[in-house]
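Peer 1: This is the structure I want to talk about, given as structure tokens.
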Amino acid sequence: MKKSAKNNENHTASNNAEAFTIDIGDPIPMLDRSEILGYFESTLMYDKYYNPPVSFASLSKLRGASSYHESAIDVKKNILLSTITTTNLLSYTQLEKFVLDFLFFGNAYLQVQRNRFGEPLKVTAPLAKYVRVGVEQGKYYQVVNGVDDYEFPADSIFHLCQPDLNQEIYGIPSYLGALQSLLLNESATLFRRKYYVNGAHAGSIIYANDAGLSQEGAEELKKQLKQAKGRGNFKNLFVHIPAGKDGGIKVIPLSDAVGKDEFLNIKNTSRDDILAAHRVPPQLMGIIPTNTGGFGDVEKAAKVFCINEITILQRRLEEINTWLGRKVIKFGAYKLLEDS
Numbered sequence: 001m002k003k004s005a006k007n008n009e010n011h012t013a014s015n016n017a018e019a020f021t022i023d024i025g026d027p028i029p030m031l032d033r034s035e036i037l038g039y040f041e042s043t044l045m046y047d048k049y050y051n052p053p054v055s056f057a058s059l060s061k062l063r064g065a066s067s068y069h070e071s072a073i074d075v076k077k078n079i080l081l082s083t084i085t086t087t088n089l090l091s092y093t094q095l096e097k098f099v100l101d102f103l104f105f106g107n108a109y110l111q112v113q114r115n116r117f118g119e120p121l122k123v124t125a126p127l128a129k130y131v132r133v134g135v136e137q138g139k140y141y142q143v144v145n146g147v148d149d150y151e152f153p154a155d156s157i158f159h160l161c162q163p164d165l166n167q168e169i170y171g172i173p174s175y176l177g178a179l180q181s182l183l184l185n186e187s188a189t190l191f192r193r194k195y196y197v198n199g200a201h202a203g204s205i206i207y208a209n210d211a212g213l214s215q216e217g218a219e220e221l222k223k224q225l226k227q228a229k230g231r232g233n234f235k236n237l238f239v240h241i242p243a244g245k246d247g248g249i250k251v252i253p254l255s256d257a258v259g260k261d262e263f264l265n266i267k268n269t270s271r272d273d274i275l276a277a278h279r280v281p282p283q284l285m286g287i288i289p290t291n292t293g294g295f296g297d298v299e300k301a302a303k304v305f306c307i308n309e310i311t312i313l314q315r316r317l318e319e320i321n322t323w324l325g326r327k328v329i330k331f332g333a334y335k336l337l338e339d340s
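Just so you know, the sequence shown maps onto residues 1 to 340 in our numbering.
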């Protein structure tokens with residue numbers, strides 16, 4: 001009779017226990033969806049100017065999205081500027097702004113201020129992010145907030161752009177083919193950081209079916225699990241159930257891919273895509289090789305890069321001198337090529 005009463009007591013306790021679930025953390029999106037390529041042709045705005053075919057505001061946010069993207073552009077900019085000598089008409093700072101805009105947006109602008117006799121006094125570089133090409137030939141506008149616009153004086157703007165296949169009003173940056181890889185590289189870093197900050201406790205089901213686990217014990221377990229989240233918190237949790245059975249509490253991982261993620265593979269693969277789009281040798285960007293052979297001779301790589309990439313950019317910038325009708329900038333040989 002005592003044994004039967006004990007069994008009935010356990011059976012009653014088992015029936016009174018209610019199944020429950022607790023939320024240990026919802027998935028958090030790492031990046032908001034940005035419609036960078038919202039349209040492929042320039043659209044007419046207010047019958048005055050055209051909007052660019054890509055969102056310049058979104059492209060500007062990509063500067064810090066990946067260290068590889070920013071570093072590749074900085075390498076091009078720095079090597080190019082090292083071969084240029086400016087005059088008093090165009091300061092070195094304004095030229096750097098111009099080159100940076102051209103590499104990031106595929107568009108760059110210069111504004112000339114003239115005296116009463118039409119002679120140039122000063123050349124500045126308005127931010128390409130806010131400049132819009134007017135419908136009428138030679139007219140350009142500065143649109144900062146998307147509504148109010150300032151019209152530049154007629155024929156005072158020089159526009160340098162990278163050609164596009166779909167329209168001829170604005171240029172398109174050459175790295176757009178690696179856009180998805182660039183965002184993937186950023187997502188991998190943000191996901192790993194979020195995983196660390198969260199304490200690596202999301203993505204599991206804690207399943208308890210042990211009759212010895214009381215309701216008070218279950219509540220305490222819930223409390224401890226909720227407290228287990230935190231920055232870099234990977235602590236262990238001790239649970240004691242008298243007369244408990246093996247397998248009474250199970251942790252069913254839903255996100256083994258998180259713990260065994262391909263973080264390094266994703267970073268390296270997306271990095272290669274970014275470098276291929278920019279055509280910059282990795283050794284020029286301070287990337288540490290993972291193979292025993294390394295990346296090869298950095299000096300040879302720099303020379304080939306300068307011949308294939310920087311020389312072409314120099315020819316494009318020569319158009320500034322043609323536009324003004326005088327030598328505003330002068331080009332010299334790259335130091336490594338000069339010494340060879």
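All C-beta atoms in this analysis are idealised placements derived from N, C-alpha and C, irrespective of residue type, glycine included.
#1: Report yes if the CB atom of Leu160 is closer than 8 Å to the CB atom of Glu319, and no otherwise.
#2: At which residues does the alpha helix (DSSP H) containing Arg114 begin and terminate?
#3: Check this for me: beta carbons of Glu186 and Ala65, under 8 Å apart or not?
#4: Can the beta-carbon of Ala125 be found closer than 8 Å to that of Leu110?
#5: Is the distance from the Cβ of Val133 to the Cβ of Met285 below 8 Å?
#6: Which partner residues does Gly386 have in the DSSP bridge list?
#7: Are the stretch 177-184 and the stretch 261-278 in contact at 8 Å, needing three or more beta carbon pairs?
#8: Kindly indicate which three-state DSSP category Val251 falls into: helix, strand or coil?
#9: Starting from Asp273, trace the beta strand (DSSP E) both ways and give me its first and last residue.
#10: Does the structure place the stretch 280-296 close enough to the stretch 202-220 that three or more beta carbon pairs sit under 8 Å?
#11: Can you have a look at Lys97 and say buried or exposed, based on whether 16 or more other CB atoms are within 10 angstroms of its CB?
#12: Terminal residues of the continuous beta strand (DSSP E) containing Ala208?
#13: From Val143, Glu338, Pro282, Glu119, pick the residue whose C-alpha is nearest to that of Trp323; which is it?
#14: Output needed for Arg296: all residues of its chain with C-beta closer than 6 Å, excluding positions within five of it in sequence on either side, in chain order.
#15: Hey, could you find the ends of the alpha helix (DSSP H) Gln314 is sitting in?
#16: Quick one: give me the first and last residue of the beta strand (DSSP E) that Tyr331 is part of.
#17: So what does DSSP say about Ser58, is it helix, strand or coil?
#18: Between the Cα of Ile157 and those of Pro173, Tyr196, Arg193, Gln113, spot the shortest distance and give me the residue it belongs to.
#19: Around the Cβ of Val144, are there at least 16 other Cβ atoms within 10 angstroms (buried) or fewer (exposed)?
#20: Taking C-alpha atoms, which residue in Tyr130, Val123, Ala154 lies nearest to Gly138?
#21: Measure the Cβ-Cβ separation of Val328 and Val99 and say whether it is below 8 Å.
#22: Does the distance from the C-beta atom of Val197 to that of Leu221 stay below 8 Å?
#23: What does a CB cutoff of less than 8 Å around Tyr92 pick up in its chain, not counting 5 residues either side in sequence?
#24: Figure out for me which residue from Pro242, Arg192, Gln224, Leu225 has the closest Cα to the Cα of Ala211.
#25: Could you tell me how far apart the beta carbons of Phe152 and Tyr140 are, in whole angstroms, since I believe they sit closer than 8 Å?
#26: Return helix, strand or coil for Asp155, following the three-state DSSP convention.
#27: State the Cα-Cα distance for the pair Ile312 and Arg63, rounded to the nearest angstrom.
#28: Can you give me the start and stop residues for the beta strand (DSSP E) that Ile84 sits inside?
#29: Here's a check: name, in chain order, each residue in its chain whose Cβ is nearer than 6 Å to the Cβ of Gln314, leaving out the five neighbours to either side.
Peer 2: With the given structure in hand:
#1: yes
#2: No alpha helix (DSSP H) contains Arg114, which is instead part of the beta strand (DSSP E) from 107-114.
#3: yes
#4: yes
#5: no
#6: Only positions 1 to 340 of the chain appear in the structure, and residue 386 is not among them; the question remains open.
#7: yes
#8: strand
#9: Unbroken run through Asp273 is the alpha helix (DSSP H), 263-278; no beta strand (DSSP E).
#10: no
#11: buried
#12: 204-208
#13: Glu119
#14: The sequence given here places Gly at residue 296; Arg does not occur at that position. Cβ within range, chain order: n/a, list empty.
#15: 311-324
#16: As written in the sequence, residue 331 is Phe, which differs from the Tyr given in the question. Its beta strand (DSSP E) spans residues 329-331.
#17: helix
#18: Gln113
#19: exposed
#20: Ala154
#21: no
#22: no
#23: Leu81, Thr86
#24: Pro242
#25: 5 Å
#26: coil
#27: 23 Å
#28: 84-86
#29: Phe331
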